[in-house]
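Residue numbering for the sequence shown follows the UniProt record's numbering, beginning at 1 and increasing consecutively. A virtual CB, placed ideally from N, CA and C, is assigned to each residue, including glycine. All values derive from a computational prediction rather than experimental measurement.
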Amino acid sequence: MAISCYLLLWELLGLVFVISYSCLELGLKNLDIWSFNMKHGKLLRILFDFLNKKQVIIGLTVSFLGTTLGLLLPQFIGQLLDEEFLKKLITEKEILISLVAFFIGVYGLQALASYLLGICGSQAMNRLQKYIYNHLLNSSVSELDGYSSGDLASRLTNDMSVVLNFITVVFPNMILNIVVIGGSIYFMLKISLSLTLISFLLVPILVFVIIPVNNRLEDYYTNYQEGLGKISSRISHKFNHIRLMKAFNGEKNEQRKMSDSFDTLTDNFKKIIGLSSIQNTLVNGLMMSFIILLLVIAGMEVSKGS
C-alpha cells in the first residue's frame with residue numbers, strides 16, 4: 001500500500017514540475033510578445049494594479065485549500081489495495097459516503113477557485129484592453145510607425161488570451177504547485193527516504209529535456225504570433241483598397257502571396273506540434289522508466305523484508 005501511494009505521489013510530483021516549469025516559461029515569454037515598448041516590470045505592475053485583490057486572495061485561498069486536501073487523495077487511493085480497508089469500506093456505509101463527499105468536496109473547491117480566478121482575470125483583461133488602447137491613442141505617430149494596424153489589432157484581441165491565461169492559470173498554478181511539490185516531497189520522505197533520493201535524480205534529466213525544447217517552442221510561437229499579425233494587417237490593408245487591386249487585376253498575385261503566408265504559418269504550427277509531441281513523449285518515457293525502476297527497487301526492499 002505504501003509503495004502504491006508513493007508511486008502516485010511521485011507521478012503527481014513529476015507532472016506538476018513539468019507542467020509548472022513549461023507553463024511559467026512560455027507564459028512569461030508570451031507576455032513579452034505583446035508588451036509593445038513598455039518595460040517588462042512596468043507591464044507586470046499594470047497587470048497587478050488591474051486585478052481585484054480581494055477576489056484574487058479568496059480564489060487563491062480556496063484553491064490552496066483544495067490543493068492541500070488533494071494531496072491526501074493518493075493516500076486514500078493507496079489504501080484501496082488494503083484488503084482490510086476494503087472490507088471496512090463495504091460494511092460501513094458511513095466511511096464510503098465520507099470518502100465520496102471528500103472527493104466531491106476537493107474537486108468542488110478546485111472548480112470554485114478556477115471560476116473565481118477566471119472572473120477576476122476577465123475583469124483585469126477588460127481594464128487592460130482599455131488601458132492599452134488609450135496608450136496607443138496617445139502615442140506619437142513615430143512610435144506607431146513601427147507597428148502595422150493589423151498587428152496592433154491582433155495584439156488587442158487575439159493576444160489578450162495570453163494575458164488572461166497568465167493571470168488566471170499560469171501565475172496561480174505556479175504558487176499552488178509549490179504547495180503540491182512541497183507536500184508531495186514531505187509524504188514521499190515519510191514513506192521512503194531512499195526512493196525519494198533516487199527520484200530526485202530525475203529532476204536534472206527532466207530539466208535537460210525541457211529547457212532546449214522550450215527554447216525552440218518559444219521561437220516558433222513568437223514567429224507564429226508575428227505571422228498572424230502580419231496576415232491580419234495585410235488582409236485589412238488589401239480589403240480597404242480592394243477597388244484599386246481589382247482595377248489592376250491583382251487578385252492572382254495577392255492570392256499567391258497570401259497562400260505563401262498561410263503555408264509559412266502552417267509550417268510554424270506543425271513545428272510547434274511536432275516539438276510538443278517530442279517533449280511529451282520524452283518526459284512520459286522518462287517518468288515511466290523511473291516508475292519501473294522504483295518498482296524494481298521497492299520489490300527488492302520488500303523481498304529483503306525492509
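- Short of 8 Å from the beta carbon of L109, and not among the five residues preceding or following it, lie these beta carbons of its own chain, in chain order: V62, S63, L65, G66, L69.
- Going by C-alpha positions, S194 is about 15 Å away from I292.
- Straight-line measurement puts the Cα of G227 at about 22 Å from the Cα of M245.
- As the crow flies, the alpha-carbon of A247 is around 21 Å from that of S233.
- For G108, the enclosing alpha helix (DSSP H) has its first and last residue at 93-137.
- With 16 or more other CB atoms across the displayed protein chains lying within 10 angstroms of its CB, N268 is buried.
- Here DSSP, grouped into helix, strand and coil, assigns D145 to coil.
- Contact between the stretch 206-221 and the stretch 264-281 is established, with three or more Cβ pairs separated by less than 8 Å.
- Secondary structure note for G229: its alpha helix (DSSP H) is the uninterrupted segment 202-240.
- Look at L72 here: in three-state DSSP terms it is coil, with no helix or strand label.
- A straight line joining the alpha-carbon of Q79 with that of F85 spans about 7 Å.
- The shortest C-alpha to C-alpha distance from R45 to any of A124, K88, A111 is the one to A124.
- For N52, the CB contacts under 8 Å within the same chain, skipping 5 residues up- and downstream, are C120, Q123, A124 in chain order.
- M287 and K93 have their alpha carbons spaced roughly 37 Å apart.
- Scanning its chain for C-beta atoms nearer than 6 Å, with the 5 sequence neighbours on each side dropped, one finds around V213 the residues L275, Q279, in chain order.
- In the structure shown, N253 falls within a helical segment according to DSSP collapsed to helix, strand and coil.
- With contacts defined as CB atoms closer than 8 Å, S261 and I231 qualify as a contacting pair.
- Rounded to the nearest whole angstrom, the C-alpha separation of R256 and D263 is 11 Å.
- Distance from the CA of F48 to the CA of K54, rounded to the nearest whole angstrom, comes to 12 Å.
- Relative to S289, the option among E254, I205, I235, S277 whose CA is nearest is I205.
- T281 and I210 have their alpha carbons spaced roughly 11 Å apart.
- Ranking N138, L202, I185 by CA distance to the CA of G285 puts L202 first.
- When the beta-carbon positions are compared, L60 and V106 stay at least 8 Å from each other.
- The beta-carbon distance between F76 and L96, rounded to whole angstroms, is 12 Å. This is too long to meet the 8 Å contact definition.
- The residue among K130, Y224, V283 with its C-alpha nearest the C-alpha of F208 is V283.
- Close CB contacts of R127 within its chain, under the 7 Å cut and outside five residues either way in sequence, are with F50 (chain order).
- Here S140 carries a coil assignment [DSSP, helix/strand/coil].
- Contact between P172 and L117 holds, since their C-beta atoms are separated by about 6 Å, short of 8 Å.
- Residue burial is scored here from C-beta neighbours: G146 has fewer than 16 other C-beta atoms within 10 angstroms and is therefore classed as exposed.
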